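Chemist:
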Amino acid sequence: MEKDKTAIIHPRPSSIVASLYTLRDLDIDVAILHGPAGCSFKHARLLEEDGMHVLTTALDENGFVFGGHDELVDLIKKAADQFNPKKMAIVGTCVSMIIGEELHDAVIEADIDIPVVEVEVHAGYRDNTKGVLLALKSALNVGIITEAELKRQTHLLNSATEIEKKHGAASKAYLAPSRGDLKYKVAKRIYELLSNNKKGLIIMNVKKETGYMFADILLAINQAAEQLSVLENIINFANIDDSVGLPRVRQHAKNIQKGFFEHNIKLNENIGGLDEYAINGDKVKKLIENKYSDFDFAIIVGVPHAIPNDITSSMEIFSVTNGPRQVLPLKEMGHEHVIVEIDLHPKTLGVSSIVESEFGATLREVTKDHKMEKCLELN
Amino acid sequence: MQDKKIIAIYGKGGIGKSSTASNIAAACADEGYKVMIIGCDPKSDSSINLLGGKRIPTILGLLKEEKDIEEKDIVFNGYNGVKCVEVGGPEPGIGCAGRGIIVAIQKLKEVSKVHKDMDLIIYDVPGDIVCGGFVAPIKKGFVNEAYVLTSGEYMPLYAANNICRGLSKINTELSGVICNSRSVTREKEIVNKFATQLKSEMLAFIPKEQLVQDCERDGFSVIEKEPRSQIAAIYRELGNKIMSTKKSSIPVALEDEELRELIR
Numbered sequence: 001m002e003k004d005k006t007a008i009i010h011p012r013p014s015s016i017v018a019s020l021y022t023l024r025d026l027d028i029d030v031a032i033l034h035g036p037a038g039c040s041f042k043h044a045r046l047l048e049e050d051g052m053h054v055l056t057t058a059l060d061e062n063g064f065v066f067g068g069h070d071e072l073v074d075l076i077k078k079a080a081d082q083f084n085p086k087k088m089a090i091v092g093t094c095v096s097m098i099i100g101e102e103l104h105d106a107v108i109e110a111d112i113d114i115p116v117v118e119v120e121v122h123a124g125y126r127d128n129t130k131g132v133l134l135a136l137k138s139a140l141n142v143g144i145i146t147e148a149e150l151k152r153q154t155h156l157l158n159s160a161t162e163i164e165k166k167h168g169a170a171s172k173a174y175l176a177p178s179r180g181d182l183k184y185k186v187a188k189r190i191y192e193l194l195s196n197n198k199k200g201l202i203i204m205n206v207k208k209e210t211g212y213m214f215a216d217i218l219l220a221i222n223q224a225a226e227q228l229s230v231l232e233n234i235i236n237f238a239n240i241d242d243s244v245g246l247p248r249v250r251q252h253a254k255n256i257q258k259g260f261f262e263h264n265i266k267l268n269e270n271i272g273g274l275d276e277y278a279i280n281g282d283k284v285k286k287l288i289e290n291k292y293s294d295f296d297f298a299i300i301v302g303v304p305h306a307i308p309n310d311i312t313s314s315m316e317i318f319s320v321t322n323g324p325r326q327v328l329p330l331k332e333m334g335h336e337h338v339i340v341e342i343d344l345h346p347k348t349l350g351v352s353s354i355v356e357s358e359f360g361a362t363l364r365e366v367t368k369d370h371k372m373e374k375c376l377e378l379n
Numbered sequence: 380m381q382d383k384k385i386i387a388i389y390g391k392g393g394i395g396k397s398s399t400a401s402n403i404a405a406a407c408a409d410e411g412y413k414v415m416i417i418g419c420d421p422k423s424d425s426s427i428n429l430l431g432g433k434r435i436p437t438i439l440g441l442l443k444e445e446k447d448i449e450e451k452d453i454v455f456n457g458y459n460g461v462k463c464v465e466v467g468g469p470e471p472g473i474g475c476a477g478r479g480i481i482v483a484i485q486k487l488k489e490v491s492k493v494h495k496d497m498d499l500i501i502y503d504v505p506g507d508i509v510c511g512g513f514v515a516p517i518k519k520g521f522v523n524e525a526y527v528l529t530s531g532e533y534m535p536l537y538a539a540n541n542i543c544r545g546l547s548k549i550n551t552e553l554s555g556v557i558c559n560s561r562s563v564t565r566e567k568e569i570v571n572k573f574a575t576q577l578k579s580e581m582l583a584f585i586p587k588e589q590l591v592q593d594c595e596r597d598g599f600s601v602i603e604k605e606p607r608s609q610i611a612a613i614y615r616e617l618g619n620k621i622m623s624t625k626k627s628s629i630p631v632a633l634e635d636e637e638l639r640e641l642i643r
C-alpha cells in the first residue's frame, strides 16, 4: 500500500508533547526530557501545573557531539532524590534519538528502585498520536498498563488519526488559522432559537481535560434555556463515562459529572469515555436517528468534526472548537456557525472543576441583557 | 540463552570485513547452520558475494519510498540459504548514516521474525564506530560477541585497538582477533601478541591470496567458487571456531606506546 504523501505545511502537534501528556495521564510524577533545554518548553511548563514535574538534561552543542549519557544518569538520580517520585519517565527528543543515546543504559546505571518508563520518541512522525502509542507501549513494558488497555487505546488513536485526516488539522496541505465567527452574534442566535421554542441538541464530545471548559458552554446554554423556561426543549449529550480509560481521565469524567450535578444539569445521553471522542460519532448518529431526528438545531462542542455531518444536515449547526485551524474544515462540513475557544487547553490544566469559557460568559451576558430588557418592558 | 550466536565483525575500513563475513557465513551454512548476514554499511555490499554479485534492495531505500515493508522485501536467500539483509543509507556526505542504522534495525525486528530461528547472525558493521548509531547492532540487535579483524600493519592495529577501547566502554565482550594478512614481516607474531595483550586470542591467520579477489570479482565467496582451495579450509576452520567458542571477555585496550612497541 502506498502511503498518503500529501505534504502538510502548517506546523502540527508534536509527538514528544503527545508522549508527555500521555505520561501525565499515567500519573507519572517526573518526566525527564533527554535533549536541548528549549525542547517542548511551553507544554513542559503547562504540565508542571498539572502535577507532573518535567525536567530536561539540557543537552548543548557539547552534548550533541559527545553524547549526554552521564548527564542523564545524574539527572535521574537527582530527580529521584529531590522529588521522591513513585513513577518516572525518560523521554527522547529529536537530537538524542539521532545521535543514538541509549535511554535504557542510563536507567540501568542510575539504578533507582521505582518503575521508569523509557520512551524513545522524536518529533518527526507524521501523526503525533505515534507519541502516545510509544509512551503506552513503554508503559506496558514496565507493567503500568495492561495489554487490553493498550489495545483499546491503539484503536482510539487510530480513529483519532483518521478523523484528523478526514476533517481535521491534517485534512489539507495548508490551513490558515482563524478565530471563527463572532461569539456575541452566535450567542444571540442561540438565544433567539431558544426563545422561539426551537428544540436543540447540545453534543459535548470532548477530548480529556478540555472537557472542563467545553462543559461550561453546555452549562451556559442550559442556564439560558432555564431562564426562558424552555429546558424541556434541550437535550444534553456528553462523553463523561467514568468507567473507561486511564486513571486520570476517569477522574476528569467524575469531576465534570459532579459539576453537572451541582448545577442540576440533566445528562440525557452519556455517549462514552473522555478518551473516546474519536469513536463517538456513530453512537451519536444512531441516537439522533432513533430519538432526536426532528430537532431544529445542534450545538457540538469539543471535537465537532468527529460527528458525522449527514445526520445533522437538516439542523442548524453550531460548533465550538479550540483549534484555530479547525474552523475551515468545520465550515466545509456544513456547520453554519463555528467559534473558537482560544487558548482553551492551558486553562484546563491543573484544574478539577468546570472553568468558565468565553462563549459561556458571552451567552450569559446576552441572557442577562434580554432579562433586563424584559424587566424594563414590564415596568 | 547463549545457543544463538549474534556476532559483529569490526575492523578498519578496507581490511576485509565483508569478505571475511561472507566466507564465514557461507562456511557455516555448509556446516548446516542457519545463518543470517546483516550489512550495516551504507555502501550495502556486505552480502553481494553471497548473491552471485547481485545487489538487493536495502531497508532504508524502501523506507525512503514510504512503502509498507514486509519480510520478503528485505530478507533474501543467498548462497546455501544464508539470509541476506542490507541496511543501506544515505549518499556519502549527506544525512545521517548512524540514525539510519538505528531505524533499519528497529524496522527489521518489527517486520521479520526469521532472525529468531537463526544459529548465527553476523552484523557486518562499518569500519569505525564513529557515532551512537553504529553501536545500534550491539544495543538494539543484541550482539553477544564481537570480533576484531586486523592485519599486522600499524594503522589497522591502531584502529582495532581503538575499537576495543570502544567495546570495553560499552561493556561488550571480545571473542577473538582475526588476522587478515597483508604479508608484512612478523605479522602472525605481532597480531598474536596484540590479541594476548588485549586479553583475547588470535582465532585465525588468513593468508593474503589472490584467489579471494578472483572469486569476488565474479561475485562469489571462495567457499562457493573454490571450496577445495586451501583458503576455503581456513575460513571453514574459522567458522567452526566461531560456532564453538565459549570464551570471551571485555578487551583491555593497549596504550599507544605499547602498540608502537609491539610493531618495533
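Respectively, the protein sequence lines represent chains Y and S. Going by this note's numbering, the first sequence opens with residue 1, and the numbers climb by one from there. Going by this note's numbering, the second sequence opens with residue 380, and the numbers climb by one from there. Even glycine gets a Cβ: it sits at the ideal position worked out from N, Cα and C. Nothing here was measured: the structure is a model prediction, and the numbers come from that model.
Alpha carbon to alpha carbon, how far is residue 357/Y from residue 206/Y? Give it in angstroms, no decimals.
Modeler: Taking the first residue of the first sequence as 1, we reach residue 206/Y at position 206. Taking the first residue of the first sequence as 1, we reach residue 357/Y at position 357. C-alpha separation (whole angstroms): 14 Å.
Chemist: Count the CB pairs spanning the segment 453 to 473 of chain S and the segment 382 to 399 of chain S that are closer than 8 Å, and state whether there are at least three.
Modeler: Verdict: no, contact absent.
Chemist: Between residue 63/Y and chain S, is there a C-beta pair that is closer than 8 Å?
Modeler: Along the first sequence, one-based indexing puts residue 63/Y at 63. No, its Cβ sits nowhere closer than 8 Å to a Cβ of chain S.
Chemist: Can you tell me whether residue 381/S is buried or exposed, with buried defined as 16 or more other CB within 10 angstroms of its CB?
Modeler: In the second sequence, residue 381/S corresponds to position 2, counting from 1. With a pLDDT of 48 at residue 381/S, under the threshold of 50, the modelled position of this residue cannot be trusted; read the value that follows with caution. The residue in question, residue 381/S, is exposed, as its Cβ has fewer than 16 Cβ neighbours within 10 Å.
Chemist: Suppose you measure from the CA of residue 628/S to the CA of residue 91/Y; what does that come to, to the nearest Å?
Modeler: Indexing the second sequence from 1 puts residue 628/S at position 249. Indexing the first sequence from 1 puts residue 91/Y at position 91. Distance between the alpha carbons of residue 628/S and residue 91/Y is about 33 Å.
Chemist: DSSP state of residue 427/S, grouped into three classes?
Modeler: Here the question's residue 427/S lines up with position 48 in the second sequence. Helix at residue 427/S.
Chemist: Is the CB-CB distance between residue 306/Y and residue 274/Y below 8 Å?
Modeler: Here residue 306/Y refers to the residue found at position 306 when the first sequence is read from its first residue. Here residue 274/Y refers to the residue found at position 274 when the first sequence is read from its first residue. Not a contact, by the Cβ cut-off of 8 Å.
Chemist: For residue 557/S and residue 584/S, what's the separation of their Cα atoms in angstroms?
Modeler: Here residue 557/S corresponds to residue number 178 of the second sequence, with the count starting at 1. Here residue 584/S corresponds to residue number 205 of the second sequence, with the count starting at 1. Cα-Cα distance, rounded: 6 Å.
Chemist: Let me check one thing: in DSSP terms, what residues is residue 241/Y bridge-paired to?
Modeler: In the first sequence, the residue the question calls residue 241/Y occupies position 241. Answer by DSSP bridge pairing, in chain order: 273/Y.
Chemist: Given a cut-off of 8 Å, decide if residue 539/S and residue 529/S are closer than it, judged by their beta-carbon atoms.
Modeler: By one-based count along the second sequence, residue 529/S stands at place 150. By one-based count along the second sequence, residue 539/S stands at place 160. Going by C-beta atoms, residue 529/S is nearer than 8 Å to residue 539/S.
Chemist: Report the neighbours of residue 548/S on chain Y: residues whose CB is nearer than 7 Å to its CB, in chain order.
Modeler: On the second sequence, residue 548/S is found 169 positions in, with the first residue counted as 1. Going along chain Y, no residue has its Cβ under 7 Å from residue 548/S, so there is no contact; the nearest lies around 10 Å.
Chemist: So which residues on chain Y does residue 478/S lean against when the C-beta distance must stay under 9 Å?
Modeler: Within the second sequence, numbered from 1, the residue matching residue 478/S stands at position 99. By Cβ distance, chain Y contributes 97, 98, 99, 100.
Chemist: Please report the distance separating the alpha-carbon of residue 285/Y from that of residue 308/Y.
Modeler: Start at 1 with the first residue of the first sequence, and residue 285/Y comes out as number 285. Start at 1 with the first residue of the first sequence, and residue 308/Y comes out as number 308. About 7 Å.
Chemist: So what does residue 558/S bridge to, in DSSP terms?
Modeler: Here residue 558/S refers to the residue found at position 179 of the second sequence. Paired residue(s): 529/S, 584/S.
Chemist: Can you tell me which of 383/S, 448/S, 550/S, 604/S puts its alpha carbon nearest to the alpha carbon of residue 494/S?
Modeler: Your numbering for residue 494/S matches position 115 in the second sequence. Of the listed residues, the one whose Cα sits closest to residue 494/S is 383/S.
Chemist: Name the chain S residues that come within less than 8 Å of residue 168/Y, Cβ to Cβ?
Modeler: Position 168 of the first sequence, counting from 1, holds the residue named residue 168/Y. Ordered by position in chain S, no residue passes the 8 Å Cβ test against residue 168/Y, which lies about 21 Å from the chain.
Chemist: To which residues of the same chain is residue 64/Y closer than 8 Å at the C-beta, ignoring the five residues directly before and after it?
Modeler: Residue 64/Y sits at position 64 when you count from the first residue of the first sequence. Excluding positions up to five away in sequence, the list reads 95, 99.
Chemist: Ignore the nearest five residues each way along the sequence and tell me which others in residue 66/Y's own chain have a CB closer than 6 Å to its CB.
Modeler: Along the first sequence, one-based indexing puts residue 66/Y at 66. So no residue of the chain qualifies.
Chemist: Does DSSP put residue 363/Y in a helix, a strand or coil?
Modeler: The residue labelled residue 363/Y in the question sits at position 363 within the first sequence. In this structure, residue 363/Y counts as helix in the three-state DSSP scheme.
Chemist: Which residues, taken in chain order from the segment 50 to 77 of chain Y, show a beta carbon closer than 8 Å to some beta carbon of chain S?
Modeler: Taking 8 Å as the Cβ-Cβ cut-off against chain S, the residues of the segment 50 to 77 of chain Y that qualify are 67.
Chemist: Does residue 19/Y come out as helix, strand or coil in the three-state DSSP assignment?
Modeler: On the first sequence, residue 19/Y is found 19 positions in, with the first residue counted as 1. In the structure shown, residue 19/Y sits in a helix (DSSP, three-state: H, G or I).
Chemist: If you measure between the beta carbons of residue 18/Y and residue 129/Y, is that distance less than 8 Å?
Modeler: Here residue 18/Y is taken as the residue at index 18 of the first sequence, counted from 1. Here residue 129/Y is taken as the residue at index 129 of the first sequence, counted from 1. Cβ atoms of residue 18/Y and residue 129/Y: closer than 8 Å.
Chemist: I'd like to confirm the pairing. Which residues does DSSP put opposite residue 503/S in its beta bridges?
Modeler: The residue you call residue 503/S lines up with position 124 of the second sequence. In DSSP, residue 503/S forms a bridge with 388/S, 418/S.
Chemist: Do residue 211/Y and residue 256/Y have their C-beta atoms within less than 8 Å of each other?
Modeler: Stepping through the first sequence from its first residue, residue 211/Y is reached at position 211. Stepping through the first sequence from its first residue, residue 256/Y is reached at position 256. Cβ atoms of residue 211/Y and residue 256/Y: closer than 8 Å.
Chemist: Am I right that residue 405/S and residue 461/S are in contact with their C-beta atoms under 8 Å? What's the rounded C-beta distance?
Modeler: By 1-based counting over the second sequence, the position of residue 405/S is 26. By 1-based counting over the second sequence, the position of residue 461/S is 82. About 7 Å; that satisfies the 8 Å criterion.
Chemist: Taking buried to mean at least 16 other C-beta atoms within 10 Å of its own C-beta, is residue 597/S buried or exposed?
Modeler: What you label residue 597/S is simply residue 218 of the second sequence in a count that begins at 1. By the neighbour-count rule (16 or more Cβ atoms within 10 Å), residue 597/S is not buried but exposed.
Chemist: Measure from the C-beta of residue 2/Y to each C-beta in chain S and report whether the shortest distance is under 8 Å.
Modeler: On the first sequence, position 2 is the one that residue 2/Y refers to. Note on residue 2/Y: pLDDT 44, under 50, position unreliable in the model; the coordinate value appears next. Chain S contact via Cβ: present.
Chemist: Starting from residue 518/S, find everything on chain Y with Cβ-Cβ shorter than 9 Å and list it in chain order.
Modeler: To locate residue 518/S, count along the second sequence from 1; it is residue 139. Those within 9 Å of residue 518/S in chain Y are 100, 102, 104, 105.
Chemist: Do you know offhand how far residue 289/Y's Cα is from residue 127/Y's?
Modeler: As a position in the first sequence, residue 289/Y is number 289, starting the count at 1. As a position in the first sequence, residue 127/Y is number 127, starting the count at 1. If you take the alpha carbons of residue 289/Y and residue 127/Y, they lie about 33 Å apart.
Chemist: Do we get a CB-CB distance below 8 Å when we pair residue 473/S with the residues of chain Y?
Modeler: Looking up residue 473/S in the second sequence gives position 94. Chain Y, which has no Cβ nearer than 8 Å to the Cβ of residue 473/S, makes this no.
Chemist: Could you name the residues that DSSP lists as bridge partners for residue 463/S?
Modeler: Stepping through the second sequence from its first residue, residue 463/S is reached at position 84. Bridge partners of residue 463/S: 416/S, 455/S.
Chemist: Using 8 Å as the cut-off, can you tell me whether the segment 216 to 224 of chain Y makes contact with the segment 310 to 319 of chain Y, which would need three or more C-beta pairs spanning the two stretches below that distance?
Modeler: Output reads no: the segment 310 to 319 of chain Y does not touch the segment 216 to 224 of chain Y.
Chemist: Leaving out five residues on either side along the sequence, give the residues of the same chain with a beta carbon under 6 Å from the beta carbon of residue 132/Y.
Modeler: Start at 1 with the first residue of the first sequence, and residue 132/Y comes out as number 132. Excluding sequence neighbours, residue 132/Y sits near 18, 22, 157.
Chemist: Pick out whichever of 426/S, 410/S, 625/S has its Cα sitting closest to the Cα of residue 400/S.
Modeler: One-based indexing of the second sequence puts residue 400/S at position 21. Closest option to residue 400/S, Cα to Cα, is 426/S.
Chemist: Closest Cβ-Cβ distance between residue 381/S and chain Y: below 8 Å?
Modeler: Position 2 of the second sequence, counting from 1, holds the residue named residue 381/S. Caution is warranted here: a pLDDT of 48 is assigned to residue 381/S, below 50, making its placement in the model unreliable, and no coordinate value can be reported.
Chemist: What three-state label does DSSP hand residue 263/Y in the structure shown?
Modeler: Numbered from 1 along the first sequence, position 263 holds the residue referred to as residue 263/Y. Here residue 263/Y sits in coil by DSSP.
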